[in-house]
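The structure under discussion appears below in the form of structure tokens.
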Amino acid sequence: MSATISSVKLASLVFALLTVGMANTLSYKVCYAVYGEKYAYFVSNGINALYVVFGGCILYPRYCKNEIPKELLNQPQYKFVVMALLDAFGTFFSAMGSVHTPGYLQTILNQTLIPILMLVSFFALGTRFSISQVTGATLIVSGALISSFDSLLDSGSSQPLPLGSKISIFFYLVSNIPYAFSAVYKEVAFKNQKTDVMYLTQQVSIYQLIVGLCMMPLTSIPGVASQNGMPVTEAAQDLVDGTRCYFQLPHSGCGNLPTFALLTGYCLLNFIYNTLGLFLTKYASSTVNAITSSLLLPISAVAFTAPWMGQFRENIAVSTYYGLVVIILGFLLYQYGSKSTASDVLETPKPYKKQNISGEEMNSLLRGTQKKFKAKRAMRSPKPVASFQERMVGINIRHGMKTEKGAAYGGCVGGTIDLDTPEVGGAGAYGSLVETGSKKPWPGMRTSTSFSGLDMAFSI
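Here the sequence shown stands for residues -23 to -1, 1 to 437, where the numbers follow mature numbering (1 follows the signal peptide of the UniProt record, and there is no 0).
Spelled out as structure tokens, the structure:
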């Protein structure tokens, strides 16, 4: 395929991405609203199960043809288990909070993933960020607080929301924490390795499904699955009843509800959204990506007020619009800081260019620290190092690979990529925060990431 496309095709791609991205965000909220608090735990596990099915349809034919690298098949399984555990907690908390958290507020709270990722990478990896990035992250948090203020009151009536709704909003916000740790762990666990994105997505999805089912006892904690807690036996029965509801079986109580279409459609929208994101990152510039990201946030948030939402239509306070403006400014400032840092990356030293050394040795040298440079930044290739990001189900964030030359993207398609090769010009949605902030986040939805439902740093 050509490395460039016409302006008309590019505009069509951006329009399609914005449309599908908005639909993905709306369907996520509507899906949890239709299934309700009773089946929220089922939905979170149902999404994982559908990802395993969809991923298997793509991956296993390739597996039968021996297209999966043998070194990847011999990968230690504990890495996938750790990622699945972290993603499962993120999915669980977001699922528990989705039912009573307004859809537009979910879109806004997703943006707090950026500053949380920055904090995690700072303390865990010693990552340093520019003043512009820190200021941008601060604006994002400030915008989220401004937008959330009136949401903690009942429709602006100065009456506090029920305790259960406040707890839901809290859980939805907290879900970003395990997602952040998962993103950093993925960055570290698969560094210096070639990997197949679809294979990693599928492995994590399988383990995440198992871990998610094992988290059933947590539903008994008051305020988690319900305000008073849900007995384990009831949670188990709800899984059975939720399955019946999904297939709209007789006497399930869901015969007149589009439960099958909603849950299945949401997962399919995730795959379509991420596939479109793959093409955009392959054929468009980082500037187009940033513009699309900044447009998707307000479009998705305001879409909840549209008449077509019917009974799910929401009212947005004026302060929320102010908060959106602040968040968008913060995101653009963060992007500017990331771009400035990337342009300031040190070139490969000439002595190293002249030496005949292996690619592995070169990578090691490029990551070495040179004290003579005031900033003491790691010496890197002019092109950012690609990084792998896994899918997180349950939130609208998701994962992926962002490459300006077209490497791989999230778990959308199969393909082998080198996670630590200077020749690959790419940046992971979350990985951008791990390596001296030189990579830029790509927006994504928060669905259990992984893009399977890729949720990128700028989540919608």
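Think of the CB as a built atom: it goes at the ideal place given N, C-alpha and C, for glycine as much as any other residue.
Item: Contact set for Ser4: own chain, Cβ-Cβ below 8 Å, skip 5 residues either direction; Value: Leu239, Gly242, Tyr243, Leu246
Item: Runs of alpha helix (DSSP H) lying entirely within the segment 32 to 68, each at least 4 residues, in chain order; Value: 47 to 50
Item: Residues of its chain near Pro92, where Cβ-Cβ distance is below 8 Å and the 5 sequence neighbours each way are ignored; Value: Ala114, Thr115, Ile117, Val118
Item: Expected contact under 8 Å - CB spacing of Val209 and Pro194 to nearest Å; Value: 6 Å
Item: Residue from Tyr149, Ser107, Phe66 with nearest C-alpha to His77; Value: Tyr149
Item: Residues of its chain near Val111, where Cβ-Cβ distance is below 6 Å and the 5 sequence neighbours each way are ignored; Value: none
Item: Closest residue to Gly230 among Ala26, Lys15, Ile293, Ala278 (Cα-Cα distance); Value: Lys15
Item: Environment of Val174 [buried if 16+ CB atoms lie within 10 Å]; Value: buried
Item: Which of helix, strand or coil DSSP assigns to Leu152; Value: What sits at residue 152 in the sequence shown is Ser, not Leu. Ser152 falls in the coil class under three-state DSSP.
Item: Outcome for Ser135 when other beta-carbon atoms lying within 10 angstroms are tallied against a minimum of 16; Value: In this prediction, Ser135 has a pLDDT of 45, which is less than 50 and means its spatial position is unreliable; nothing more can be read from the coordinates.
Item: Exposure of Ile372, with buried meaning 16 or more beta-carbon neighbours within 10 Å; Value: Because Ile372 sits at a pLDDT of 27, beneath the cut-off of 50, its placement in the model cannot be relied upon, and the following sentence gives the value as read from the coordinates. It counts as buried.
Item: Tyr81 vs Glu291 beta-carbon contact at 7 Å; Value: yes
Item: C-beta contact flag for Val29 and Ser182 at 7 Å; Value: yes
Item: Span of the alpha helix (DSSP H), counted from its first residue to its last, around Gln83; Value: 80 to 86
Item: Beta-carbon gap between Ser124 and Ile85 smaller than 7 Å; Value: yes
Item: Lys259: first and last residue of the uninterrupted alpha helix (DSSP H) it sits in; Value: 236 to 260
Item: Environment of Asn43 [buried if 16+ CB atoms lie within 10 Å]; Value: exposed
Item: Separation of Ile305 from Leu274, as counted between CA atoms; Value: 8 Å
Item: Buried or exposed (CB count within 10 angstroms, at least 16 for buried), Ile198; Value: exposed
Item: Between the CA atoms of Ile293 and Leu177 - distance to the nearest angstrom; Value: 39 Å
Item: Within 7 Å, strictly: CB atoms of Gln184 and Phe57; Value: According to the sequence provided, residue 184 is Tyr. The question's Gln does not apply to it. Yes, the pair counts as a contact, with Cβ atoms nearer than the cut-off.
Item: Between the CA atoms of Met(-2) and Ser277 - distance to the nearest angstrom; Value: 5 Å
Item: Whole-Å CB distance - Phe69 paired with Gly254, under 8 Å assumed; Value: In fact, because the Cβ distance is near 25 Å, the residues do not count as touching under 8 Å.
Item: Nearest-angstrom Cα separation, counted from Met60 out to Ile144; Value: 26 Å
Item: Sequence-distant residues of its chain with Cβ nearer than 7 Å to Val161 (five each side left out); Value: Val97, Ser98, Ala101, Leu102, Val411
Item: Cβ-Cβ distance between Leu(-7) and Leu257 below 7 Å; Value: yes
Item: Candidates Cys8, Phe31, Thr104: closest to Ser315 by CA position; Value: Thr104
Item: Per-residue burial, Ile187 [other beta carbons within 10 Å of its own, 16 or more giving buried]; Value: exposed
Item: Same chain only: Cβ atoms within 6 Å of Gln179, ignoring 5 sequence neighbours per side; Value: Gly32, Leu36
Item: CB of Gly300 within 7 Å of CB of Tyr156, strictly; Value: no
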